[in-house]
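Those protein sequence lines, which keep their order, are chains A, B, C and D.
Offset between the first sequence (1-based) and this note's numbering: plus 402.
Offset between the second sequence (1-based) and this note's numbering: plus 39.
Offset between the third sequence (1-based) and this note's numbering: plus 15.
Offset between the fourth sequence (1-based) and this note's numbering: plus 5.
Built from N, CA and C at the ideal position, the CB exists for glycine as well.
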Amino acid sequence: MSVEEETFRELKDVFGDRILDFKIQKMRVYVKVPSDTYREVIRYLVLLKGIYHLETITGTEVKDGIEIMAHLGTGMPISIRTTVSSEDPRIASICDLIPGAEFYEREIHDLLGVVFEGNPNLKRFILSGDWPEDVHPLKKSFESKHNLPLREGFD
Amino acid sequence: MSFEQYVVETLEAIVFPGFIFIFFLALFYEWFDRKLYARLQNRVGPYYTGFHGLLQPLADFIKLLSKEDIVPDGVDQLLFTMTPLFTLALSVFAAFLLPISSTQGLVSFDGDAIVSVIILTFLCITVFYAGISTYNRYAIIGAERSFLQLIGYEIPLMLSVVGVVLGAGSLSLSGIVASQAGWWHIASPQILGFIVFVFAAQAELERIPFDLPEAEQEIIAGWNIDYTGRRLAMFRLARNIELVFLCGLAATLFLGGPLGPTVEGYTQIFYVVYFVVKSLFVLAILTVVRALFARLRIDQVVGFSWRYLLPLAIFQFIVVRLML
Amino acid sequence: MSTFDIPIGPMHPALPEPLLLKLEVEGETVVGVDFDVSYMHRGIEKLLEAKTYFQGLPLVERICGICNAAHGLCYTLNVEKLYDKEIPARAQYLRLVVEELSRIHSHLLWLGVAAFEIGFNTMFMYTWRDREAVMDMLESITGNRITTEYSQIGGVRRDMPSNLVDRLLKTMDVVEERTKYYTKVALTERTIAKRTQGVGYLSPEEAKATCAVGPVLRASGVKNDIRADDPYAAHADVPFNVITYDSCDVFARIIVRAQELLECVSMIRTALRHLPEGPFRVKLPMKPNAGEALTRVEAPRGELFHYTLSDGGMKPYRYKVRTPTLANLGALRAMLTSKGRYVVNIGDVPISYGSIDPCICCTARVYFVDSRKGRSWVWTLDEIRERSRRGELLP
Amino acid sequence: MSMIGELFRSLFKKRATVLYPEERDRVHLPEGFRGKLEYYEEKCIGCSLCFQVCPSLAIEMVPEDKARFPKNQAGRRPIFNIARCTYCGQCEDICPTKAIHLTDQYEVIALDKRDLMVK
C-alpha cells in the first residue's frame with residue numbers, strides 16, 4: 403500500500419462516490435470530481451490535512467468543456483481535476499483558502515475565459531492591455547492567423 | 040587701474056586660473072574619477088576617445104550640447120531655464136575662490152572660507168529648485184531627498200571648516216594657506232575634520248553612498264530627469280566644476296593648498312602643480328569611497344550624519360579650541 | 016496624507032525585464048502595489064501546441080534567458096515520462112552536472128544584480144567577472160553559453176570527455192574560493208547589512224499562504240526543496256543538504272543563495288567522481304504514447320512546473336509551464352506593502368523586487384505569432400514601416 | 006569597508022575586460038561551439054529530416070535535379086536561412102550523413118538578408 407494509494411484511500415473514504423475516477427502514477431495522484439465538490443475537496447485538504455502549497459491551476463480545453471486542475475502539496479502533489487461547460491464556464495474560486503491561487507486563476511480567466519466566483523480582483527493579468535475582451539487565445543477554436551482589432555483606451 | 044593691468048586681470052579671469060582652465064581641469068577630474076573607479080573594479084573605463092579616453096568627458100559635453108533641448112509642457116518656465124545657468128554660475132564663482140596659481144585665489148577677501156561653504160548650500164538649493172520646477176514624480180522625490188540630505192551633512196561640513204578657521208586663526212583662504220606654511224592642518228588633530236569633510240563632500244556631490252537625489256535604481260535620474268540637451272550639459276559641467284571646487288577646498292584647508300618646496304624662478308608653476316596633485320589625492324579618496332560602499336536609504340543617511348559626522352565634528356572643534 | 020502612485024517600469028533601469036510595478040506612495044513609504052506582467056506575454060503554450068515534441072525543446076529553453084538548463088531538463092524529463100523507457104544513468108548524472116552549473120551561474124548573476132540594486136556597483140562587477148569562468152565551462156561542455164540544450168529527449172546530447180572533467184573540477188575550486196569571499200563580504204560589509212536586514216520581510220505564514228517557492232521560501236525558514244522531496248535525474252544518489260535561514264528578509268535570501276552555491280559545487284564534485292560509464296543517449300520514437308505527465312524541477316529561482324497532456328500524436332495536446340517567478344509574485348506583494356510597524360521605503364522596493372530574482376520573460380509567454388504557413392518571406396525595411404503605419408503590425 | 010583589500014589588489018591586476026575589436030585573438034572558442042552552419046552538398050541524400058526537426062523554420066527544401074549529385078536521388082535539397090537560425094544544432098544531430106556541421110564562426114553579419122542564405 404504505497405503512499406499514493408494511502409492518500410487516495412483517505413480521499414475515497416471522505417468523499418465516497420463523488421470521486422468520479424482516479425489515476426495513480428509514481429509519486430502522483432489524480433482525482434476527478436464534479437465541479438461543485440472541487441472547492442470542498444481542496445478545503446478538506448488545506449484545512450484538515452494541512453497542505454499549504456498550491457503548485458498551480460492548469461486549464462485545458464477538452465471535448466466536453468474546460469478542465470480545471472489544481473495541483474496541491476509539496477512532496478507528492480495531489481491533482482484535483484474537474485470539467486466545466488465551455489458555454490458558461492463558472493467555478494468557485496479558492497482564493498480565500500490559498501491566497502496564492504489568485505494569479506493562477508486570473509491567468510486562466512485571461513487565456514480560457516473561466517470565471518472564478520470569489521476571486522478578489524479578476525481583472526486582466528497576463529494578456530496585454532489592448533487585447534480584445536472576449537477573445538481567449540488558448541482555446542482550440544482560436545486561430546492566430548488574422549490580426550485582431552485593438553481595444554482603445556485601456557489603462 | 041591701468042589698461043594693461045585690466046587686460047591681465049581679465050585674461051587671468053577668463054583663461055589661466057579662470058574659466059577655461061577650470062573647464063578643462065573639471066573634465067580632467069571627471070576622466071580621472073571614471074578611470075580610477077573602473078580600474079578599482081578591474082575594468083578599463085573610457086578607452087576609445089583620445090589617449091585612454093582622455094577626451095571622453097569633452098565628447099560627452101559636446102554630444103549633450105548638440106542634443107535636442109526638450110521643454111516638457113506644464114513646467115515652470117522661469118525656473119526650468121534659470122536653474123542650470125544659476126548652478127553653473129555659482130560653481131564657477133566658487134572655483135574662483137580657490138588659490139590655484141598663487142597663495143590667494145582670483146577673488147580673495149576676508150571671510151571667503153565661510154562664503155565658499157555657503158555657496159555649497161546654495162548649490163543644494165538650486166538642485167532642489169531644479170527638481171521642483173519639473174512636475175515629474177521622480178524629480179519631486181529627488182528634490183525632497185536632496186534637502187533631507189542637506190539637513191544631514193551641512194552642519195558637520197560647517198563645523199569642520201570652522202575648526203580649520205579656528206586652527207589657522209584667519210577667516211580667509213589665503214590666511215589659512217599662509218598658516219600652513221610650516222605644518223599642514225592634516226597632520227594636526229584637524230584630520231578628524233578632514234574625514235568629516237570628505238564624507239560631507241561625497242554627500243554634497245551626490246555620489247554613492249549618498250547619491251539618493253539621483254538614485255538610478257529607485258527614481259531613475261532624480262531631479263535631472265527632465266533636463267536634456269544644453270541644460271543637462273550645463274548641469275553636468277556644474278557638477279564637475281563643483282568636484283574641482285570641493286577637492287580644491289579640501290586641499291587648501293587641510294593639505295596646505297599650493298604650498299610646498301619650490302625652485303626659485305618657477306614658483307607659480309609649482310603652485311599649480313601642487314594644487315592639482317593635492318586635489319587629485321583628495322579625488323582619489325572620494326573615488327575609493329564611491330567604490331567601497333552601497334547606497335544608503337534616506338533615513339540612514341540623515342541618521343549616519345547626525346550619529347557619526349556631527350559628534351566627530353564637534354569633538355574636533357573642542358580639541359582645536361583646547362589646543363589654542 | 017495624500018498618496019500618489021509612482022510607476023516603476025515597464026522600462027526602468029532597475030528592472031531587467033518589462034514589469035510594471037504601480038506603487039502607491041505616502042511620502043517615502045509604500046502603501047500599496049499592483050503588478051502588470053502583460054508586456055512580455057509570448058504565448059509559448061499556444062506555440063508549443065503547434066510544434067512537435069522534438070521541436071519544442073529549443074523553444075522551451077528560450078522561455079528564460081538565465082535558467083534555461085532547468086527548463087530544458089524539466090521538459091525532457093516530462094516528455095520521457097510519456098515514453099516510460101529506461102534513461103541511461105550516465106545521462107542522468109551529466110544532466111545533474113549541467114543543471115547545477117547553470118544554478119551556479121544564475122546565483123552568481125543574481126548576487127551581482129542584487130548588489131547593483133542597492134547601488135553597490137563594485138560587487139556587481141566582480142561577481143559577473145567571476146561568473147565568466149562558469150560560462151566558459153558551460154560553453155565547452157554544451158557548445159553555447161546560455162541556451163545549452165544539453166538534455167535531449169532520451170538522454171544527453173554530448174558526452175563529457177575526461178579533459179573537460181578535469182577543467183570542470185579546477186573551475187569548481189575557483190568558484191568555491193570566490194563564493195566564500197563574497198559570503199564574507201556580504202556578512203561583514205555594513206552598508207549591505209543596513210540596506211538588506213529587515214527589508215522585504217516575509218513571515219513564514221505569509222510565505223506559505225502566498226505559495227512562495229525556492230530561495231524565497233527557504234529564506235523564511237520553510238524547508239522545501241524539490242531535489243530532496245521529489246528527487247529527479249540523479250538527485251536521489253547525490254547527497255546535498257537543504258539550506259534554510261530564518262531571518263525572513265533580503266539578507267536571508269543572500270545568505271541562502273550564497274550557501275546554495277557551495278552546495279552546488281560539492282554536488283558537482285560528487286557527481287563527477289561517481290560518473291557511471293555506459294551510453295549517454297537512447298533513441299526514442301517521434302511519437303510518444305498517449306497520457307499525461309507532470310514534472311517539477313528545482314530551478315535556480317524556485318520550483319518549476321511542467322505538465323503535458325498528449326493524445327498520441329507528434330504534437331502535445333496541451334503543454335503547461337508555470338515558472339517560479341509567477342509563484343513568487345504573491346510573496347513580493349506581501350513584502351512590498353507596509354503593514355503597521357513594518358514600513359517599506361521607496362529605497363527598499365528595487366532590492367525587495369530583486370530579492371525574488373524575478374525573471375519576467377519566464378512569467379509571461381510569447382504574445383502573438385504568425386502561424387506556420389510553411390513559407391517564409393522577407394519584408395524590406397520600408398515595407399515594415401508601411402505596414403506599421405497602416406496599423407497592421409500588432410504592438 | 007570589507008572589499009578594500011580586493012579593490013587595491015585589482016589596481017595592479019590585469020584588467021578583466023577583453024577589448025573585442027583590438028584583442029580578437031584573446032577570444033578563444035571551445036571546439037564544440039555552435040556557430041554558423043556549413044552544408045556539404047555532396048554528402049546530402051535529400052531525406053529532409055533537418056527540415057522536419059528545425060524549430061524556427063530556417064530550412065527550406067528546394068527541388069534539385071538528380072544528375073548533379075549521385076548520392077542525392079530524392080530530387081530535393083535544403084537551403085538554410087541563417088537569419089532565422091537559432092544555432093540550436095538539432096539539424097546537425099539528426100542528419101544521417103553528417104552533411105551539416107556548425108562551425109565556430111560567431112561573427113554572422115550581412116547587409117542584405119539574402120547573403121545569409123547558405124546554399
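Interface flag for A:F527 against chain C is set, since a Cβ pair is found closer than 9 Å. Any Cβ of chain C closer than 9 Å to the Cβ of A:A503 would place that residue at the interface, and such an atom is present. For secondary structure counted as the alpha helix (DSSP H) over 4 or more consecutive residues, the region 501-535 of chain A holds these complete runs in sequence order: 503-514. The region 433-444 of chain A makes no contact with the region 286-306 of chain C; the number of CB pairs closer than 8 Å stays below 3.
Taking a C-beta distance under 9 Å as the contact criterion, C:K199 and D:S7 qualify as a contact pair.
Contact between C:I361 and C:V45 holds, with the beta-carbon distance rounding to 6 Å and staying under 8 Å. At a cut-off of 9 Å, the C-beta of C:K209 has a neighbouring C-beta in chain B. Nearest to C:A273 by C-alpha distance, out of C:L319, C:L92, C:T352, C:H120, is C:H120.
When Cβ-Cβ separations below 9 Å define contact, D:A63 makes no contact with chain B. When DSSP states are grouped into helix, strand and coil, C:P219 belongs to the helix group. Only residues of its own chain outside the window of five on either side were considered, and among them S213 have a CB closer than 6 Å to the CB of B:S147, listed in chain order. Non-local beta-carbon contacts of C:P73 in its own chain, meaning distances under 8 Å to residues more than five positions away in sequence, involve T162, E164 in chain order. Within chain B, the residues placing a beta-carbon under 8 Å from that of C:N360 are R336, I337, D338, ordered along the chain.
For B:R278, the enclosing alpha helix (DSSP H) covers residues 268-293. For A:I500, at least one C-beta of chain C is nearer than 9 Å to its own C-beta. Pairing C:R356 with B:I190, the inter-Cα distance amounts to about 25 Å.
For C:L74, the C-beta contacts it makes with chain D under 8 Å involve P60, in order along the chain.
Contact between the region 196-210 of chain B and the region 267-281 of chain B is not established, with fewer than three Cβ pairs separated by less than 8 Å.
Residue environment for C:P254: exposed (fewer than 16 other C-beta atoms within 10 angstroms of its C-beta). Annotated as distal: B:M273 and B:P111, with beta-carbon spacing of 9 Å or more. For D:P68, the secondary structure class from DSSP, reduced to helix, strand or coil, is strand. Taking a Cβ-Cβ cut-off of 8 Å, the neighbours of B:V83 in chain D comprise R20, T22, L24, given in sequence order.
The continuous stretches of beta strand (DSSP E) do not include C:D245, and DSSP gives it neither H nor E. Taking 9 Å as the threshold, the shortest C-beta distance from C:K223 to chain D does not fall below it.
It is roughly 45 Å from the alpha-carbon of C:R210 to the alpha-carbon of C:P176.
By DSSP's assignment, C:L38 forms a beta bridge with C:I21, C:V48.
The beta carbon of C:T91 is closer than 6 Å to those of S166, I168 in its chain, skipping five residues each way along the sequence. Put simply, the region 177-195 of chain C does not touch the region 39-46 of chain D. Fewer than three CB pairs are less than 8 Å apart. Taking 9 Å as the CB threshold, B:P248 lines the interface with chain C. Counting every other CB atom within 10 Å of its CB across the protein chains shown gives C:N136 a total of 16 or more, marking it as buried. For B:D149, the three-state secondary structure derived from DSSP is coil. By the beta-carbon neighbour count (other beta carbons within 10 angstroms, threshold 16), D:Y25 is exposed.
The secondary-structure analysis by DSSP pairs C:R296 across a beta bridge with C:G170. Think of a sphere of 8 Å around the beta carbon of D:P83: no beta carbon from chain C falls inside it, the nearest being about 13 Å out.
B:V83 is the residue among B:V83, B:P195, B:F63, B:I59 whose C-alpha sits nearest the C-alpha of D:K18.
Taking C-beta atoms as the reference points, C:N256 and C:E221 fail to come closer than 9 Å.
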